[in-house]
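Visitor:
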Amino acid sequence: MTVEPGSSAGRHANIMGLTALIIATFTISASFGLILPIAPQLVRATEGETAAVAMHAGGLTAIYMLAIALFAPMWGPLSDRHGRRVVIVLGLAGFALSMLAFGLVRTLPQLYLERFVSGLFAAAISPVAAAFVADVAPTDQWRASRMAWLNMASIAGFVLGPALSVWTSAPAVRSAGVGGAAFVPFAGAALLALVAGGWIWLALRRSAAPAAPAADRRPSESVLTNALLALTFAVAAIVGVFEVGVSLRSGRLGGASQGEIAAMFAVCSLVM
195 MTVEPGSSAG
205 RHANIMGLTA
215 LIIATFTISA
225 SFGLILPIAP
235 QLVRATEGET
245 AAVAMHAGGL
255 TAIYMLAIAL
265 FAPMWGPLSD
275 RHGRRVVIVL
285 GLAGFALSML
295 AFGLVRTLPQ
305 LYLERFVSGL
315 FAAAISPVAA
325 AFVADVAPTD
335 QWRASRMAWL
345 NMASIAGFVL
355 GPALSVWTSA
365 PAVRSAGVGG
375 AAFVPFAGAA
385 LLALVAGGWI
395 WLALRRSAAP
405 AAPAADRRPS
415 ESVLTNALLA
425 LTFAVAAIVG
435 VFEVGVSLRS
445 GRLGGASQGE
455 IAAMFAVCSL
465 VM
């Protein structure tokens, strides 16, 4: 029997699923910045010392977000037809495989392709997770608070990603070298995505079917929606420029170590 989303039983049945959605959102957002601390080394390893490091570091960051922007509109309608759980789990599974494929990357075009495919599957997570919260929300206040948690997980992931990359790869540098150490953060993201996907598959199995399509919006609602989209774009652009800029300049910040740069990202994440 399907649990009604607005009932107390429905809210209890979905609380574990919401926790898994927060973890999944954090994982996707953190993966945006995983490559930033090691991008210069990766570009030089594939293109040589004459490579345009700054351009490619920015390009590898941009192509991930470009793929999310291009494919998020595709995943939303698919989740309307086939259910939120199926699309989210499919996105997490594809994302995990793309992260593991990083171990096979040997050239710069392959690195761009890996980031693009990761963004393609990552695009299924945040919008569909938000749609799920909207489906099961019994009140506007409940929906707003859960949306806030998803947004907090997203922001924390954006800024903590570079720090997690440094902290997880540093112990492996001594034993595996730069190449092996670079794979560690991506393997960790893949593992976390698989755990979140399995959790969501189990926790959301009794959730209600997707809601019926909403009625046509009034012109004032369309204006508000466009304004919020523009604001979201601006925030994402600012965070992205900050992360790329700091990562590229980290070697000139008064001799700061990678650990100190990671701590700075962590403090910024806490404040945000």
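Note that our numbering has the sequence shown beginning at 195, numbered continuously upward. Cβ coordinates follow ideal geometry from the N, Cα and C atoms, glycine included. Since the model is a prediction, treat every value here as computed from it, not as a measurement.
Taking the alpha carbon of residue 381 as the point to measure from, which residue in 424, 336, 291 and 273 has its own alpha carbon closest?
Guide: The residue you call residue 381 lines up with position 187 of the sequence shown. That would be 291, whose Cα lies nearest to the Cα of residue 381.
Visitor: Between 435, 213 and 379, which has its C-alpha nearest residue 297's C-alpha?
Guide: As a working mapping, residue 297 is identified with position 103 in the sequence shown. It is 379.
Visitor: Along the chain, where does the alpha helix (DSSP H) that runs through residue 267 open and close?
Guide: The residue you call residue 267 lines up with position 73 of the sequence shown. Element bounds for residue 267: 247 to 276.
Visitor: Please determine if the region 352 to 361 and the region 308 to 325 are in contact, where contact requires at least 3 C-beta pairs separated by less than 8 Å.
Guide: Counting Cβ pairs under 8 Å, fewer than three are found: no touch.
Visitor: Can you name, in chain order, every residue of its own chain whose Cβ lies under 8 Å from the Cβ of residue 256, other than the five neighbours on each side?
Guide: Along the sequence shown, one-based indexing puts residue 256 at 62. Only 434 meet the Cβ criterion.
Visitor: Taking the straight line between their C-alpha atoms, what separation do you get for residue 306 and residue 254?
Guide: Here residue 306 refers to the residue found at position 112 when the sequence shown is read from its first residue. Here residue 254 refers to the residue found at position 60 when the sequence shown is read from its first residue. If I take the Cα positions, the gap works out to 6 Å.
Visitor: Measure the Cβ-Cβ separation of residue 398 and residue 211 and say whether it is below 8 Å.
Guide: Walking along the sequence shown from the start, residue 398 turns up at place 204. Walking along the sequence shown from the start, residue 211 turns up at place 17. Contact: yes.
Visitor: May I ask you to report which of helix, strand or coil DSSP gives residue 232?
Guide: The residue given as residue 232 occupies position 38 in the sequence shown. DSSP places residue 232 in coil when its eight states are reduced to three.
Visitor: May I have the straight-line CA-CA distance separating residue 228 from residue 318, to the nearest angstrom?
Guide: Here residue 228 refers to the residue found at position 34 when the sequence shown is read from its first residue. Here residue 318 refers to the residue found at position 124 when the sequence shown is read from its first residue. One C-alpha to the other measures close to 19 Å.
Visitor: Are there three or more Cβ pairs, one per stretch, closer than 8 Å when the region 211 to 221 is compared with the region 340 to 351?
Guide: Enough Cβ pairs lie closer than 8 Å, so yes.
Visitor: If you count every other CB in all the chains shown that lies within 10 Å of the CB of residue 216, and 16 or more means buried, which is it?
Guide: Indexing the sequence shown from 1 puts residue 216 at position 22. With 16 or more Cβ atoms within 10 Å of its Cβ, residue 216 is classed as buried.
Visitor: Of all the options 224, 430 and 250, which has the alpha carbon lying nearest to the alpha carbon of residue 234?
Guide: As a working note, residue 234 is residue 40 in the sequence shown. Answer by Cα proximity: 250.
Visitor: Starting from residue 296, follow the alpha helix (DSSP H) in both directions and report where the run begins and ends.
Guide: For the purposes of this step, residue 296 is taken as residue 102 along the sequence shown, with counting starting at 1. Where residue 296 is concerned, there is no enclosing alpha helix (DSSP H), given that its DSSP letter is neither H nor E.
Visitor: For residue 218, does the three-state DSSP call read helix, strand or coil?
Guide: Locating residue 218 in the sequence shown gives position 24, where the first residue counts as 1. Three-state DSSP puts residue 218 in a helix.
Visitor: Determine the contact status of residue 261 and residue 310, defining contact as a CB-CB distance below 8 Å.
Guide: Locating residue 261 in the sequence shown gives position 67, where the first residue counts as 1. Locating residue 310 in the sequence shown gives position 116, where the first residue counts as 1. Yes. Within cutoff.
Visitor: If you drop the 5 nearest sequence neighbours on each side, which residues of the same chain put their C-beta closer than 6 Å to that of residue 266?
Guide: For this step, residue 266 is matched to residue 72 along the sequence shown. So the qualifying residues of the chain are 317 and 321.
Visitor: Please say whether residue 350 and residue 220 have beta carbons closer to each other than 8 Å?
Guide: For the purposes of this step, residue 220 is identified with residue 26 of the sequence shown, where counting begins at 1. For the purposes of this step, residue 350 is identified with residue 156 of the sequence shown, where counting begins at 1. Yes, the Cβ-Cβ distance between residue 220 and residue 350 is below 8 Å.
Visitor: Apply the 10 Å Cβ neighbour rule to residue 432 and answer buried if 16 or more other Cβ atoms are within range, or exposed otherwise.
Guide: Within the sequence shown, numbered from 1, the residue matching residue 432 stands at position 238. By the 10 Å Cβ count, residue 432 comes out exposed.
Visitor: Ignore the nearest five residues each way along the sequence and tell me which others in residue 287's own chain have a CB closer than 6 Å to its CB.
Guide: The residue labelled residue 287 in the question sits at position 93 within the sequence shown. 391, listed in sequence order.
Visitor: Express the C-alpha separation of residue 268 and residue 361 in angstroms, rounding to a whole number.
Guide: The sequence position of residue 361 within the sequence shown is 167, counting from 1. The sequence position of residue 268 within the sequence shown is 74, counting from 1. If you take the alpha carbons of residue 361 and residue 268, they lie about 35 Å apart.
Visitor: Please state the DSSP three-state secondary structure of residue 386.
Guide: Counting from one through the sequence shown, the residue named residue 386 turns up at place 192. Helix at residue 386.
Visitor: State the DSSP-derived secondary structure class of residue 398, mapped to helix, strand or coil.
Guide: Within the sequence shown, numbered from 1, the residue matching residue 398 stands at position 204. Here residue 398 sits in coil by DSSP.
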